[in-house]
Amino acid sequence: MRCLPYLMLLAAPLLAADKYAADWNQLQPEIFEHYSNLIRIDTSSPPGNETKAAEYLKKVLDREGIPAQIYELEPGRGNVVARLKGNGSKRPILLMGHLDVVGVQREKWTVDPFAALRKDGYVYGRGSIDDKDKVTTALMVTLLLKRLKVPLDRDVIFLGEAGEEGDSRVGIGFMVGQHWDEIACEYALTEGGTAMSRDGQVRTVEIATTEKVPRGVRLVAHGQAGHGSRPRLDNPLAHLAQAVWKVSANQPPMRLNDTTRTYFERLATVSTPEAADRYTHLTDPARTAAIQAYFAEHELTHYSILRTSVVPTILKAGFRSNVIPSEAEATLDIRALPDEDMPKFYDWLKKLINDPAVEVVQSARGGREPGAPSRIDNPMFHAFEATQKEMFPGAITLPSMLTGATDNAQLRAKGVQAYGFGPIIDEKEVAGGGGAHGDDERLKEDSLYKEVQFIWRSVVQVVTSQ
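The sequence shown begins at 43 in the numbering used here and counts up by one.
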């Protein structure tokens, strides 16, 4: 019976979650109320106007006896912070979501993007997936901890932040740079992950532990302006076109890191035999090229997380059809692996282009710097795994690396163990559109409720005084 104390230790966190169980059926109307109210507040960025949403959240928190404060770097760009006090024996946990959303082209939506319309089991609206479900989740977990009088061994901080979709200077940059004491923490939970399902069964729960680093590069081709009727060998458009083709046809080589290695090892255990075979032979010299070619056509996310990616996104040249311009420019979206040696990468890019007429210009760096990946051997990640086993026993928890960027980057740079979570998304929904930033953005209503429950059960395990 030597194993009994160990088994009891493993069971203790889930027992804490069970002790402070919530009536989820009874809570659904309240969850939907806050979620729909937040969607109906138009916080499209630009201009943002996050203060409107921050004021709504402050009112809800204040009413519950949880004092909240709004911080603005600029008028209308509000960040709202509230704190539940613990006994101080452990460092705080930060529950956050961003209040701003990307804009919409209303003529491409079939419904009002700011009405939070219920339709066919979904809730439609800009921000329904990115990111007002996370804000609602963070809010509800904070409220429930207070209502159920959960004894806390660490402070729980709520943050609704501005500027994630564009100018992070007014949001996480402002809070980290000027109000760090208000949000300093050991763990942070926000957007980034997702739970993938197939035929109604959750297969994987992805928790983002790191992300690629955005960098910008401009390719500027120079030549002699001239009349369009007289072809020139130094036409900058021709030189730029060749450079763009070289970049597109020659992505950097595949490279695994600790996160992606663990991701593919675990993913293989719940995949079809054919997919598992690919995931377990990524570094096989005889098969690497074929597997990468398959990913490039069929699994774009997997293709991206295995390398620093280079994608041309904008071309600028000319002003008249009969004039050869003296300059042509292409913008490249670089998404670097977190441990990429950028000076070596830029040298590789210049050698690849190999054209003295094309200048490689590095764009100004943003506020998202690489940080060490968040750990998967600590109580927070173990709590995710325990909750997954309870709620979705046939699934597996995957540490993942995002191809995009979130405000977790600034937190990891401060040494925070920051994790990204998300709702349940069916594989068929991914192909059908309506995702984050898409037209008719929508989330299954039941997925919202499970998202709140998942984070509640995970958080209770790491904040409760035993």
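Every residue gets a Cβ at the ideal spot worked out from N, C-alpha and C, and that includes glycine.
- Excluding residues up to 5 positions away in sequence, Lys254, Thr343, Ser346, Ile347 and Arg377 lie with their Cβ nearer than 7 angstroms to the Cβ of Thr445 in the same chain.
- In the structure shown, Gly215 adopts helical secondary structure according to DSSP, grouped into three states.
- For the pair Pro117 and Gly464, the Cα-to-Cα distance works out to about 30 angstroms.
- Segment contact: the region 309-316 against the region 391-401, fewer than three CB-CB distances shorter than 8 angstroms; contact not assigned.
- Each residue's CA atom was taken as its position, placing Ser507 and Gly107 some 21 angstroms apart.
- Here Val244 is near Ala437, since their CB atoms are less than 8 angstroms apart.
- DSSP lists Arg260 as the bridge partner or partners of Val403.
- For the pair Val212 and Gly205, the CB atoms are nearer than the 8 angstroms cut-off.
- Secondary structure remark: continuous beta strand (DSSP E) runs of at least 3 residues inside the region 336-405, in chain order: 351-359, 369-378 and 400-404.
- Under a 10 Å Cβ-count criterion, Asn292 is classified as exposed, with fewer than 16 other Cβ atoms of the shown protein chains found around its own Cβ.
- Taking the Cα positions, Leu181 is about 18 angstroms away from Ala158.
- Judged by beta-carbon spacing, Ile171 lies within the 8 angstroms limit of Glu483, meaning their Cβ atoms are closer than that value.
- Rounded to whole angstroms, the separation of the alpha carbons of Leu275 and Asp142 is 48 angstroms.
- For the pair Asp481 and Trp151, the CB atoms are nearer than the 8 angstroms cut-off.
- With respect to the C-alpha of Phe434, the residue from Gln459, Gln495, Gln404 and Gly130 having the closest C-alpha is Gln495.
- Cβ neighbours of Glu411 within its own chain (closer than 6 angstroms, five residues either side excluded): Ala455.
- Under DSSP, Phe200 forms a beta bridge with Ala124 and Leu137.
- When DSSP reads this structure, Thr232 sits in a beta bridge with Gly462.
- Annotated three-state conformation of Pro315 is helix, per DSSP.
- Residue state for Asp488 is assigned as helix, using DSSP reduced to three classes.
- Nearest in C-alpha terms to Asp162, of all of Val289, Ala406 and Leu485, is Leu485.
- DSSP, read as helix, strand or coil, puts Gln243 in strand.
- The region 256-267 and the region 323-332 do not touch, with fewer than three beta-carbon pairs separated by less than 8 angstroms.
- The beta carbons of Val505 and Asp241 sit no closer together than 8 angstroms.
- Between the region 272-291 and the region 376-390, the count of Cβ pairs shorter than 8 angstroms is below three; the stretches do not touch.
- For Ala428, the number of other beta carbons within 10 angstroms of its own is at least 16, and it is reported as buried.
- Checking the DSSP bridge columns, you'll see Lys161 partnered with Tyr164.
- In the DSSP annotation of this structure, the continuous segment of the alpha helix (DSSP H) that includes Ala425 starts and ends at Pro421 to Met433.
- When the five nearest sequence neighbours on each side are left out, the beta carbons in the same chain lying within less than 7 angstroms of the beta carbon of Ile333 are those of Arg320, His323 and Leu324, in order along the chain.
- A contact between stretches requires three or more CB pairs, one per stretch, nearer than 8 angstroms, and the region 133-149 meets this requirement with the region 79-97.
- The continuous alpha helix (DSSP H) containing Ser78 extends over residues Trp66 to Arg82.
- With 16 or more other Cβ atoms inside 10 Å of its own Cβ, Phe426 counts as buried.
- Residue pairing from DSSP places Gly268 in a beta bridge opposite Ile366.
- Taking the Cα positions, Thr350 is about 10 angstroms away from Pro256.
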